[in-house]
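Some notes on the structure that comes next.
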Amino acid sequence: MNSVTAHDYAWIRTSPLFRHAMESGYTLTLIRGRTPREVLRAMEAEPRGTGEGTAGLIEADDAHRAEVDYDYWDESYVAGAFSTPGENGDWTLVLGFDGGLGIAGPCVETLSKGGRAVAHSTNGGNPIDLFHWFEDGELRTTFEGPSSRDGNTPDELVPLLREVGFPLTPEGEHDESAPDVDRKAAVLALAERLTGIRVTESLLQDATYELGLVPEQPAEEWTGVVIDITDAHGERLYREWTYEEIATASDRARAEANAPVVITYNEPPGMGRSEHETGEWRASAWRVPRGTCCGQPGTSGETAP
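Sequential numbering of the sequence shown, starting at 724, is according to the working numbering.
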């Protein structure tokens, strides 16, 4: 029985390769029963030959970045794939320094039919770390924080999550009394439990990758936005807005931004007339378009009656 835990992946914190992956953003996907060529074809990747080790993969991706003039908004990237033995047969390992975009969900669902696919990613910067487990075309479990899971069977992996080191109760809630853990190391251990593949620095560095240029994915139509955040103490913030609510709020903010600013002030008493004689100061106002500074009567805006 595989008893790997997060401790077996402590090497990632001293690895230059892993540091590059975390800084650039990466996706590592393991797919059972598919060849590297099949996987790249399903990803609609344009063949780019082969690359020796991660150095060859990074070199090819850097060359592509130069081709697109390092356009920050261009989400195409070079992925590398190779075959490796694992549980119940051969698997394809796909690695991309893709900013954490990952292989499109429908593509992984298709590739996992009749088999299994496991993926984990980081988006770089202030990272969002995601994990996905597909089984026979179905997304079984996915999460960012292990105590806030989704998928068709979100709780099925709770025993394994606890075994690899995640601080969870038997019910899958955050366990404040449990020791903290390196979550990325624990995710790698969980992936090994599900695939039988021990990912090591040498495995990634010494492989010969089949390379493919993955095109930008078309933007998906969206109907709403969900914010679902669980902090280190297990406290969850969940908010959901529909497209209509966001559009209405956006229109209202735009209208307020374009509305004129009304400036009011009190006029001093007229020449030769005391404040007592006038009884009070008259209030006047000018309508001044936004962006106009210190509007003056007769030069900007209209004098209110």
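Glycine included, every Cβ here is placed at the ideal spot set by N, Cα and C. Since the model is a prediction, treat every value here as computed from it, not as a measurement.
- Per DSSP, the unbroken alpha helix (DSSP H) holding Ser973 starts and ends at 966-981.
- The Cβ-Cβ distance between Glu924 and Trp734 falls below 8 Å.
- As far as DSSP is concerned, Asp785 takes part in no beta bridge.
- Looking at the DSSP output, Ala802 shares a beta bridge with Gly819, Gly935.
- Per the Cβ contact rule, the segment 774-794 is not in contact with the segment 848-865 (fewer than 3 Cβ pairs under 8 Å).
- In the DSSP annotation of this structure, Phe889 is not part of any alpha helix (DSSP H), being labelled neither H nor E.
- DSSP places Leu853 in no alpha helix (DSSP H) but in the uninterrupted beta strand (DSSP E) bounded by 852-858.
- Looking at the backbone, the Cα of Ala842 and that of Ala729 are separated by about 17 Å.
- Shown here, Ser925 sits in a helix according to DSSP, grouped into three states.
- In this structure, DSSP gives His956 a state outside helix and strand, which the three-state scheme calls coil.
- Per DSSP, Gly847 lies in no alpha helix (DSSP H) and is assigned neither H nor E.
- Ranked by Cα distance from Glu767, the options Leu816, Arg921, Ile826, Thr815 are led by Ile826.
- In the DSSP assignment, the residues bridged to Gly947 are Thr965.
- Assignment of Asp731 by DSSP, reduced to helix, strand and coil, places it in the helix class.
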